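Asker:
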Amino acid sequence: MNVISAPQIGEYNAYYESYVAFVKGKSISQVLLSQVQEVKEVFERLGEESSNNSYAPGKWTGKEVLGHITDTDRIMAYRALCIARGEQSALPGYDENAYALNGNFNHISLDSLLNEFELSRHALLAMIKNLPATSYTIIGNANNNPVSVRALFYIIAGHTAHHLDILENRYF
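Position one of the sequence shown corresponds to residue 1 (the numbering used here), numbered consecutively onward.
1) Using C-beta distances below 7 Å, list every residue in its chain close to Tyr55, excluding the 5 sequence neighbours before and after it, in chain order.
2) Consider the Cβ of Met127: report whether some Cβ of chain C lies at a distance smaller than 9 Å.
3) Pull the bridge partners of Thr72 from the DSSP assignment, please.
4) Quickly, what does DSSP pair Ser54 with across the bridge? List them, please.
5) So what does Val147 bridge to, in DSSP terms?
6) What's the call for Val42, buried or exposed, on a 16-neighbour Cβ count within 10 Å?
7) Is the segment 63-79 in contact with the segment 150-167, if contact means three or more CB pairs nearer than 8 Å?
This is how it looks when you write it as structure tokens:
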């Protein structure tokens, strides 16, 4: 697999800096792969019953967090694919709260959600493996902001790390 260097300032919206910072200096492909096991371990500790609970009123349940992570992986991967393939149109944003609500995640078994995350993540890794390295620095437009293909990979990994941190610190 090609080595993907960290994105530079200007390759992504400043909003994502904290996500990128979680994983900067690491092999992004290795982080994306290792997160499959990390996510499984966290949710296996949380368990089916506790995954239906949130840490505070108005916050997502554990299952909603997991569904959100998977949705975000897919959306960011789609953006990366579009940009890598030369898409010139601006790609839309998304309302994460509406997605979480409409995902109906609390009515899906934790095992099924974990399996879906794992399959989705492996599909992402297959895409990364087969993208030409020259595509990593291509910049497109997503949610009315410039973003590079490699920045999207770092955002995906950092976003997952962010939510794993919240789960560890607020759900246990």
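Here a beta-carbon is modelled for each residue, glycine too, at the ideal position from N, C-alpha and C.
Just so you know, these numbers come straight off a predicted model, no measurement behind them.
Answerer: Reading off the structure:
1) Arg170, Tyr171
2) No chain C is present in this structure, which holds just one protein chain.
3) Answer by DSSP bridge pairing: none, since Thr72 is not bridged.
4) Thr61
5) Gly140
6) buried
7) yes
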